[in-house]
Amino acid sequence: MKLRSQLMIANGLSIGFIFIFLIFSYIRMFLHLEAILVLTAVTLFAGVISFLTHYILTRPIHRAIRTISLETKEISEGKFEGKVPAMGPIEFRELADHFNEMRGKLAQSFTRLQQAEMSRKELVANVSHDLRTPLASIQSFVEALQDGVIEDDYTFQKYLKTISLETGRISHLIDDLFQLSRLDAGSETFQPEPFHLDNLILETLENQYVQLQNNQIEVSVHIPDKMPPVVIVPYQIKRVLINILQNAIRYSPTGSLITLEAENLSGEQVKVTVSDQGEGMIEEDMAAVFERFYRVEKSRNLNYGGSGLGLSIAKSIVEMHGGSIGVESTLGKGSMFWFTLPKYN
């Protein structure tokens, strides 16, 4: 039974009991029959008026409840576009406002869930591709070695080197995925401490020395003498520097220059920039370069050796430190990646 019907029945029963008690009282008062009839008619008229008034007053309440009920059904079907109009008593208007606010938050949560599901599917597809390609290469080379078709030592060593490179790529991809999952889950250890960036930059350059030499790339470093320490987790920011520097090396032509610069900003932060003389990027690439598995080259070949996760990891780490990260680029002239870190007071 509907709420409105229950209220009408309750009101009718109340009026009926009152009517019966009043008639009984009139009779007990030993009134004349004419007086009893007049009082009965007045009482009956008052009851009808009360019933009609109750009907009219409960109508907006019933309509408001029915509207919210219909909107709730729409939400259960995954439709979040509508809005409950403010109608009825003040309490129901407030309920409609809260309901619309809840609906908006549910819509946002549902959108985030859809995006997360799309990201998950894209992640699985990208990981599958990036694992399948080197594994297929390894399998073909191993089969060739097992079949004994390789006779000369030069080709044999070349195959072994290729297998080593491909396994290294797989290991690098797995390491990136593992760190990204830890960052997403919030399980990455975060105990920042005061640290000087110049030492970290020099360590990073030493780690990448062989790669820089192989690509005949020169490096220019600019660090002010009185650079204040920053509050960081050193090994995490070193990972940021390595990822950005490797990205610069990857897209820099042979014999070019990479510039690393640290700048003491006027506020509470220090800015680090890594500039290269590569091909640069268009606006579309700059907007998406920090997304997972995004690569500037449209094909997903592994010639550049990147997993497409390095810059995404760098972004997560920098933001965890309370800094920001970005890129500026001019097509044909190169790119400049920058990030900021909090100073130690």
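Positions 1 to 345 (the UniProt record's numbering) are the ones given, in order, by the sequence shown. Positions of the beta carbon are idealized from the N, C-alpha and C atoms, including for glycine.
Check: With E284 as the anchor, note down where its alpha helix (DSSP H) starts and where it stops.; Outcome: 283-288
Check: Where does A314 sit, in a helix, a strand or coil, going by DSSP?; Outcome: helix
Check: Ordered along the chain, which non-local residues of its own chain (more than five positions away) have a Cβ less than 6 Å from that of F293?; Outcome: N126, G308
Check: On the premise that I325 lies in contact with L180, defined as a C-beta separation below 8 Å, what is that separation, rounded to the nearest angstrom?; Outcome: Actually they do not touch by this definition, with Cβ atoms about 15 Å apart.
Check: Hey, V233 and P194 are a contact pair by Cβ (cut 8 Å); roughly how many whole angstroms apart?; Outcome: At roughly 11 Å, the Cβ-Cβ gap does not stay under 8 Å, so V233 and P194 are not in contact.
Check: Could you check whether E218 and N173 sit closer than 8 Å to each other, using their CB atoms as the reference points?; Outcome: The sequence as given places Leu at residue 173; Asn does not occur at that position. Not in contact: L173 and E218 (Cβ atoms no closer than 8 Å).
Check: By a C-beta neighbour count over all protein chains shown, 10 Å radius and 16 as the cutoff for buried, is Q115 buried or exposed?; Outcome: exposed
Check: How do the region 196-212 and the region 150-162 stand: do at least 3 beta-carbon pairs fall below 8 Å, yes or no?; Outcome: no
Check: If we count the other Cβ atoms within 10 Å of its Cβ and call it buried at 16 or more, is H222 buried or exposed?; Outcome: exposed
Check: Residues in its own chain within less than 6 Å of M336 by CB, not counting five upstream and five downstream?; Outcome: T273, S275, E328
Check: Do you know whose CA, among D130, M320, T254, lies nearest G186's CA?; Outcome: M320
Check: Report the option in F80, P134, R132 whose CA atom is closest to the CA atom of S109.; Outcome: F80
Check: Would you tell me roughly how many angstroms separate the C-alpha atoms of S316 and K271, rounded to the nearest one?; Outcome: 17 Å
Check: Take V142 as the anchor and find which of G16, H129, M118, T167 has the nearest alpha-carbon.; Outcome: T167
Check: Among residues of its own chain, excluding the 5 on either side of A41, which ones have a beta-carbon nearer than 6 Å to its beta-carbon?; Outcome: none
Check: Using the Cα positions of P60 and A288, report the straight-line distance between them to the nearest angstrom.; Outcome: 51 Å
Check: Where S137 and F339 are concerned, what is the direct C-alpha to C-alpha distance, given to the nearest angstrom?; Outcome: 37 Å
Check: Would a check of beta-carbon distances place L106 closer than 8 Å to chain B?; Outcome: The structure shown has no chain B; it contains just one protein chain.
Check: Check whether the Cβ atoms of Y344 and P224 sit closer than 8 Å, and answer yes or no.; Outcome: no
Check: Among G334, K158, T133, which residue has its Cα nearest to the Cα of L145?; Outcome: K158
Check: Take the Cβ of L341 as the centre, count every other Cβ of all protein chains shown within 10 Å, and call the residue buried at 16 or more, exposed below.; Outcome: buried
Check: On the DSSP bridge assignment, give the partners of M336 in chain order.; Outcome: S275, E328
Check: Quick one: Cα of F99 to Cα of L57, how far?; Outcome: 23 Å
Check: Am I right that I249 and Q208 are in contact with their C-beta atoms under 8 Å? What's the rounded C-beta distance?; Outcome: 7 Å
Check: Using DSSP bridges, identify the partner residues of L260.; Outcome: V221, V274
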